[in-house]
Amino acid sequence: MNYAYEACNRQGEHFQGQIEAGSRQEAAHKIRRQGLWITSLQEVMAKSPHASLVSHLRRLFTGREISPAQTACFCRQMAVLLTAGMPVHEALKSLLAGGGQGSYGQLLARLYQKVLKGRALSAAMEEESGSFSPQVIRLVEAGEQGGSLEAIFNRLADFLEQSVQAKEKMKSIMLYPAIIAITALAVLIFMTLFILPTFASLLANLQSELPLATKLLLQVSAFLQERGQLLCGLSLPCFGILYIVSQLPQVRFICARLLLSLPIMGRLAQHTAWSLVLGTLALLIEQGIVLHEALKMAAKTAGNPYLEQEILQVQAKVEQGSSLMKALSPCPFFPPMLQEMLEAGEQSGQLETMLNKAAAFCQVLAENESARLQALAEPAAIFAVGGLVFFMVMAVIMPLLNTMDALTM
């Protein structure tokens, strides 16, 4: 849950923002830990799908949030500057002077001003709702308390760069088939609207019986010519409705479950998600964060609502005293080959080491599935487009050939 707060410090300066917490008491505790006195604390109600659409449009035009790649770049630059001996506020000032532009530059300026006034960097980052994930903020806070902030930023940069690369690779795999599909759709519409009508009168006057494919194409062409403008007018509202429906939690949950069940794409999504979750979990445990709290934070990196819910169920069992391996065993999409690895890590007291190895293993599996998917996607897309074009050409040519055969006989 998110809570909006207003508070002030000893100097009488006023602050406001949003903070994520499990309860009102936890939110108040987090704010007081920053050395602030609370003047107002209200729960922020969950947004409806319509509000979510408006929020996305607002972010699109205002650029409020920074991208994961920018977050990784921020962590890498902070690690380098802090390792060189710069204090935090000087490091932020250097980043700001080094070319921070747009929303990223504005974020750096706000962080610099808050740190300059004596705020901890983690507290300043926590006030920037939507810019930094709770995992990043919690790890920075742990680094501040342990005196190893530069090491934390180094680990965060490594992990975030790996996460960005995994997601970008997933997008690049789907880009080529998407371009092929869009091209095929454009060719289909062009032939149906402009090429086929020129043959319509000729095909209609043929004495031979038209094939089923030809009849179907002629009907589609006539329908698009008569109702094409209406379809174009309805397309935008339909896309808007589909977007709103797709943001419903139940729909997202079902789609996430179906994605994980697909033959190759599902395994790729599973291994990518578990690589991120296990890597985050190892990073959190290494910084002294207790297992059940680390699980709650790591669940948000799954990128899949179904897996996130499964991990939260694991977190509840661990909080009640269950071992991690025993809690993970019932998960339907947890890789079986990792069970013995994590069980050995728990028994030997080296869980974070085994989690890192398991995350690396999942990353290798994801790369293998990615290569397999890429090898299959390109020829499949070409075959589908070729089949579509062949179908349309034959639907036009076959009646002509049949008529010529009938005339010669």
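Each residue of the sequence shown is one higher than the one before, starting from 137 at the first, in our numbering. Think of the CB as a built atom: it goes at the ideal place given N, C-alpha and C, for glycine as much as any other residue.
Answer with buried or exposed for N504, where buried requires no fewer than 16 other C-beta atoms within 10 angstroms of its C-beta.
For the purposes of this step, residue 504 is taken as residue 368 along the sequence shown, with counting starting at 1. Exposed: under 16 other Cβ atoms inside 10 Å.
Using DSSP with H/G/I as helix, E/B as strand and the rest coil, what is A480?
Walking along the sequence shown from the start, residue 480 turns up at place 344. Correct three-state label for A480: helix.
How many Å lie between S382 and E226 at the Cα?
By one-based count along the sequence shown, residue 382 stands at place 246. By one-based count along the sequence shown, residue 226 stands at place 90. Taking the straight line from one Cα to the other gives about 44 Å.
What does a CB cutoff of less than 6 Å around F527 pick up in its chain, not counting 5 residues either side in sequence?
The count along the sequence shown starts at 1 and reaches residue 527 at position 391. Answer for F527: no residue qualifies.
Compute the Euclidean distance between the alpha carbons of L257 and Q178, then round it to the nearest angstrom.
Here residue 257 refers to the residue found at position 121 when the sequence shown is read from its first residue. Here residue 178 refers to the residue found at position 42 when the sequence shown is read from its first residue. Between L257 and Q178, the C-alpha separation is close to 24 Å.
Does DSSP put F289 in a helix, in a strand, or in coil?
The count along the sequence shown starts at 1 and reaches residue 289 at position 153. Reduced to three states, the DSSP call for F289 is helix.
On the CB-based measure, 16 or more other CB atoms within 10 Å of its CB, does M473 come out buried or exposed?
Start at 1 with the first residue of the sequence shown, and residue 473 comes out as number 337. Exposed: under 16 other Cβ atoms inside 10 Å.
Would a C-beta distance cut-off of 8 Å place I288 and L296 closer than the cut-off?
By one-based count along the sequence shown, residue 288 stands at place 152. By one-based count along the sequence shown, residue 296 stands at place 160. It is not a contact, given that the beta carbons lie outside the stated cut-off.
Within this structure, are the beta carbons of L509 and I377 separated by less than 8 Å?
Taking the first residue of the sequence shown as 1, we reach residue 509 at position 373. Taking the first residue of the sequence shown as 1, we reach residue 377 at position 241. Not a contact, by the Cβ cut-off of 8 Å.
Burial state of H118 (16 or more Cβ within 10 Å):
Lying before the first or after the last residue shown, residue 118 is absent from the chain, which here runs from 137 to 545.
Pull the bridge partners of A227 from the DSSP assignment, please.
Position 91 of the sequence shown holds residue 227. DSSP, once it has assigned bridges, lists no residue as partnering A227.
Spell out a yes or no on whether the segment 485-504 and the segment 391-399 are touching, meaning 3 or more CB-CB pairs, one atom from each, closer than 8 Å.
no
Would you mind reading off the limits of the alpha helix (DSSP H) that contains M473?
By one-based count along the sequence shown, residue 473 stands at place 337. It is not in any alpha helix (DSSP H) - M473 carries neither H nor E in the DSSP assignment.
Output the residue ranges of the alpha helix (DSSP H) runs that lie fully inside the segment 420-475 and measure 4 residues or longer, sorted by chain position.
427-434, 441-455 and 460-464
Give the straight-line distance between the Cα atoms of M222 and V454, rounded to the nearest whole angstrom.
The residue given as residue 222 occupies position 86 in the sequence shown. The residue given as residue 454 occupies position 318 in the sequence shown. Roughly 40 Å separates the two Cα atoms.
Quick one: give me the first and last residue of the alpha helix (DSSP H) that M327 is part of.
As a position in the sequence shown, residue 327 is number 191, starting the count at 1. Looking at the DSSP string, M327 is not in any alpha helix (DSSP H), and its letter there is neither H nor E.
Please identify the residue among F210, L372 and F389 whose C-alpha is closest to the C-alpha of A438.
Looking up residue 438 in the sequence shown gives position 302. If we check each option's Cα against that of A438, F389 comes out closest.
Test item: CB-CB of P535 and L354 under 8 Å
Against the sequence shown, residue 535 aligns to sequence position 399. Against the sequence shown, residue 354 aligns to sequence position 218. Their beta carbons are not under 8 Å apart, which means P535 does not touch L354 by this criterion.
Between E286 and P515, what straight-line distance do the alpha-carbon atoms span, to the nearest angstrom?
As a position in the sequence shown, residue 286 is number 150, starting the count at 1. As a position in the sequence shown, residue 515 is number 379, starting the count at 1. Their backbone Cα atoms lie some 47 Å apart in a straight line.
For S269 versus K436, is the C-beta spacing smaller than 8 Å?
As a working note, residue 269 is residue 133 in the sequence shown. As a working note, residue 436 is residue 300 in the sequence shown. Yes, these two residues count as a Cβ contact at 8 Å.
Cβ separation of S267 and I202, assumed to be a contact under 8 Å, to the nearest whole Å:
Locating residue 267 in the sequence shown gives position 131, counting from the first residue. Locating residue 202 in the sequence shown gives position 66, counting from the first residue. Their Cβ separation, rounded to whole angstroms, is 6 Å, which keeps S267 and I202 in contact under 8 Å.
Measure from the alpha carbon of I331 to the alpha carbon of each residue in V529, P466 and L404, then state which is nearest.
What you label residue 331 is simply residue 195 of the sequence shown in a count that begins at 1. For the residues V529, P466 and L404, the minimum Cα distance to I331 belongs to V529.
Smallest Cα separation from E263: which of A157, R291 and A317?
If you number the sequence shown from 1, residue 263 lands on position 127. Minimum Cα distance to E263 is reached at A157.
Rounded distance between the beta-carbons of A205 and V551, thought under 8 Å
No answer is possible for residue 551: it lies beyond the span of the chain, which begins at 137 and ends at 545.
L231 and Q213 - do their beta-carbons sit closer together than 8 Å?
As a first step, residue 213 is located in the sequence shown; it is residue number 77 there, counting from the start. As a first step, residue 231 is located in the sequence shown; it is residue number 95 there, counting from the start. Yes; because the gap between Cβ atoms is below 8 Å, this pair is in contact.
Below 8 Å on the Cβ atoms is my guess for M261 versus L244; work out the distance and round it to an integer in Å.
Position 125 of the sequence shown, counted from the first residue, corresponds to residue 261. Position 108 of the sequence shown, counted from the first residue, corresponds to residue 244. Not quite, the Cβ-Cβ distance comes to about 11 Å (not below 8 Å), so this is no contact.
Nearest-angstrom Cβ-Cβ length linking A215 and A293, presumed shorter than 8 Å:
Residue mapping note: residue 215 aligns to position 79 of the sequence shown, counting from 1. Residue mapping note: residue 293 aligns to position 157 of the sequence shown, counting from 1. A215 to A293, Cβ: 6 Å. Contact.
Quick one: what's got a C-beta closer than 8 Å to A164's C-beta in the same chain, skipping five residues either side?
Counting from 1 along the sequence shown, the entry for residue 164 is found at position 28. Within the same chain, A164 has close Cβ partners I174 and L177.
Enumerate in chain order the residues of its own chain whose CB-to-CB distance from S188 is below 6 Å, with the five nearest sequence positions on each side excluded.
Here residue 188 refers to the residue found at position 52 when the sequence shown is read from its first residue. Unreliable placement is indicated for S188, whose pLDDT of 44 sits below 50; the coordinate value is still reported in the next sentence. Cβ neighbours of S188 beyond the five flanking positions: Q383.
Any idea what DSSP makes of E156, helix, strand or coil?
Locating residue 156 in the sequence shown gives position 20, where the first residue counts as 1. It is a strand residue.
G283 - containing alpha helix (DSSP H), residue span:
Position 147 of the sequence shown, counting from 1, holds the residue named residue 283. Per DSSP, G283 belongs to no alpha helix (DSSP H) and is neither H nor E.
Residue range of the alpha helix (DSSP H) that includes A256:
Locating residue 256 in the sequence shown gives position 120, where the first residue counts as 1. Counting along the chain, A256 falls outside any alpha helix (DSSP H), and DSSP gives it neither H nor E.
V224 versus G234, E479 and E280, residue with shortest Cα-Cα distance
Counted from its first residue, the sequence shown places residue 224 at position 88. With distances taken between Cα atoms, V224 lies closest to E280.
Buried or exposed for E362, going by 16 or more other Cβ atoms inside 10 Å?
Taking the first residue of the sequence shown as 1, we reach residue 362 at position 226. E362 comes out exposed.
Only counting the same chain, and skipping five residues up and downstream in sequence, which positions put a Cβ closer than 6 Å to that of A434?
Taking the first residue of the sequence shown as position 1, residue 434 is located at position 298. For A434, where only same-chain residues beyond five positions count, the Cβ hits under 6 Å are V413, T416 and L417.
Endpoints, alpha helix (DSSP H) assigned at P204:
For the purposes of this step, residue 204 is identified with residue 68 of the sequence shown, where counting begins at 1. P204 to T219 is the extent of the alpha helix (DSSP H) around P204.
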